[in-house]
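*Asks:* The numbering used here numbers the first residue of the sequence shown as 2 and each following residue consecutively. Every residue, glycine too, gets a C-beta built ideally from N, C-alpha and C.
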Amino acid sequence: MSSSATKSRVPLYLGLAAAGAGGYYLYMAGGDPKLAKGQAKVDAEKAKSRLPSGEQAEQSGEKVGEQAADFEEVVQVAREKTKIDDDNIKQYAKEGIEKIDQVRHDTARSMGTTIDKLDRKVEEKASEAKKGISSWFGGGK
């Protein structure tokens with residue numbers, strides 16, 4: 002890996018987001034940079050006014066913290082369940098492969114026996130046919 006691959010990409014993403022936001026406001030303002038800047042300030046003030054402050058911000062932070070703890074617990078339970086399911090899947094796969102091998106061996110044995118019977122029967126019929134044809138041409142019975 003090169004050293005540039007290990008660097009954080011956050012600055013790149015932030016730059017792209019800023020360029021995208023700037024492009025949006027410039028487009029909405031019809032290409033007028035002053036109008037775009039004014040609209041961006043108005044939107045920023047609206048967003049700031051909607052943010053909780055003081056006691057309300059503290060309560061919101063606590064609520065988010067509780068939800069994050071619940072989320073971490075859900076993630077941990079999911080990881081444990083996935084590990085159990087992964088172990089079960091491995092066991093089921095192993096059992097399935099063993100069953101397939103057993104059926105394959107049984108089928109091969111059965112087919113071998115059937116083919117041997119068929120081969121004997123064909124040889125008997127060929128022998129009878131040979132005797133019949135020989136008798137047409139004056140051969141022994």
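#1: Check whether the Cβ atoms of TYR26 and GLN40 sit closer than 8 Å, and answer yes or no.
#2: Quick one, are the C-beta atoms of ALA37 and ALA30 less than 8 Å apart?
#3: Where does LEU13 fall in DSSP's three states?
#4: Going straight from the alpha carbon of ASP88 to that of ALA79, what length do you get?
#5: Whole angstroms are fine: how far does the CA of ALA127 sit from the CA of LYS100?
#6: Taking GLY23 as the reference, which of ASP71, SER50, ALA45 and LYS122 has the closest Cα?
#7: When DSSP labels each residue in this structure, what does LYS49 get in the three-state scheme?
*Replies:* Put simply:
#1: In the sequence shown, counting from the first residue as 1, residue 26 sits at position 25. In the sequence shown, counting from the first residue as 1, residue 40 sits at position 39. Yes, the Cβ-Cβ distance between TYR26 and GLN40 is below 8 Å.
#2: Looking up residue 37 in the sequence shown gives position 36. Looking up residue 30 in the sequence shown gives position 29. Judged by their CB atoms, ALA37 and ALA30 are nearer to each other than the 8 Å cut-off.
#3: Taking the sequence shown and counting its residues from 1, one reaches residue 13 at position 12. It is helical.
#4: Translated into positions along the sequence shown, residue 88 becomes position 87. Translated into positions along the sequence shown, residue 79 becomes position 78. Annotation: ASP88 to ALA79 spans about 14 Å, alpha carbon to alpha carbon.
#5: Counting from 1 along the sequence shown, the entry for residue 100 is found at position 99. Counting from 1 along the sequence shown, the entry for residue 127 is found at position 126. One C-alpha to the other measures close to 40 Å.
#6: In the sequence shown, residue 23 corresponds to position 22, counting from 1. When each option's Cα is compared against that of GLY23, the closest is ALA45.
#7: As a first step, residue 49 is located in the sequence shown; it is residue number 48 there, counting from the start. In this structure, LYS49 counts as helix in the three-state DSSP scheme.
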